[in-house]
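Student: Residues in the sequence shown are numbered consecutively from 32, following the numbering used here. C-beta atoms are modelled at their ideal positions from N, C-alpha and C, and glycine is treated no differently. The structure under discussion is supplied below as structure tokens; questions concerning it will follow.
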Amino acid sequence: MEENFLTKSLKGSFYKLFKNPESALKVYRAMLDKYPHKVWLYPVIVKLHVKAKKDILELDLLTLKRALFLRPKDKTIVLAAADFYLKKNMATPEAVKIYTAALEFDPDNIDLLNTLGRIYLQDTKNYYKGLDIYHKLISLGQTGLLDDEHLVRAFLRRNSEKLFGASSLV
32 MEENFLTKSL KGSFYKLFKN PESALKVYRA MLDKYPHKVW LYPVIVKLHV
82 KAKKDILELD LLTLKRALFL RPKDKTIVLA AADFYLKKNM ATPEAVKIYT
132 AALEFDPDNI DLLNTLGRIY LQDTKNYYKG LDIYHKLISL GQTGLLDDEH
182 LVRAFLRRNS EKLFGASSLV
């Protein structure tokens, strides 16, 4: 006898209740395969994926984007999306939005700051944002950020007062 949607939903809730995210993830993925129009499944799948400590790259981008669309302010989903984009080394405008949103939840995330700083430094419109980010990374004690780190440090030393209102920041 084939399980109906309600039975699977209850089974998934049962697994979640008993802290077994792997089993719950299997149930919810099976439900999504059978009922792709049930949009509430996307955020649940992303959260269970994170809870099961699975590699974020195993998750498909469509599921991640749909979960993010449905819950754009959900910390777990935003950080999972940022992790996905970081591991794919993406520098698209969409990725920049995700990185920026993730920094609201985790403002001292070195990987996010480094990636966003690198993207901004390559963009003439956002060059100074990139310098601000690298200044923050340097103030957090990070070294070996990029090959151009010495260039950034030299620029900051020379222009720190004009840029940040301090005499010696670096």
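Are D139 and L110 close, meaning C-beta to C-beta below 8 Å?
Tutor: In this structure, L110 does not lie closer than 8 Å to D139 by Cβ.
Student: Indicate the three-state DSSP secondary structure (helix, strand or coil) for H68 in the structure shown.
Tutor: Note: H68 maps to coil in three-state DSSP.
Student: What separation, rounded to the nearest whole angstrom, lies between the Cα atoms of L79 and L168?
Tutor: Taking the straight line joining both Cα atoms gives about 32 Å.
Student: Could you name the residues of the same chain whose beta carbon sits closer than 6 Å to that of A132, not counting the 5 residues immediately before and after it, in chain order?
Tutor: Excluding positions up to five away in sequence, the list reads V109.
Student: How far does the alpha helix (DSSP H) with E135 in it reach, from first residue to last?
Tutor: First-last of the alpha helix (DSSP H) with E135: 124-136.
Student: For M62, which three-state DSSP category applies?
Tutor: Three-state result, M62: helix.
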